[in-house]
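A short write-up of the structure that comes next.
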Amino acid sequence: MRTLRVATGAADVGNLRFYQRQGFRMRSIERDVFTPANGYPEGILVDGIELRDRVWLDREL
1333 MRTLRVATGA
1343 ADVGNLRFYQ
1353 RQGFRMRSIE
1363 RDVFTPANGY
1373 PEGILVDGIE
1383 LRDRVWLDRE
1393 L
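Quick note, the sequence shown lines up with residues 1333 to 1393 if you use the numbering used here.
Structure representation (structure tokens):
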């Protein structure tokens, strides 16, 4: 079976809701990805939540 894997910011509740409605399930969280050390500006906010971590989701096709 094939698996489709996607990633989004943990602070982006709208994206998380969208993917879960499409049948994706959370697989893992990468902490402190969206930092200046990784090329992102400091203090990114998504709907008032600081963007720091990346969530990986997957779905079997």
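Ideal Cβ positions, reconstructed from N, Cα and C, are used throughout, including at glycine. Note that the structure is a prediction, hence the values are computed from the model and not measured.
**Message:** Could you tell me the alpha carbon to alpha carbon distance between Pro1368 and Glu1392, rounded to whole angstroms?
**Reply:** 34 Å
**Request:** Have a look at Ala1342 and Met1333 and give me their C-alpha separation to the nearest angstrom.
**Result:** 27 Å
**Request:** Please work out which residues of its chain come closer than 8 Å, Cβ to Cβ, to Glu1374, disregarding the five sequence neighbours upstream and downstream, and give them in chain order.
**Result:** Thr1367 and Pro1368
**Item:** Whole-angstrom distance between Arg1363 and Val1387, CA atom to CA atom
**Value:** 9 Å
**Message:** Check this for me: beta carbons of Phe1350 and Leu1389, under 7 Å apart or not?
**Reply:** no
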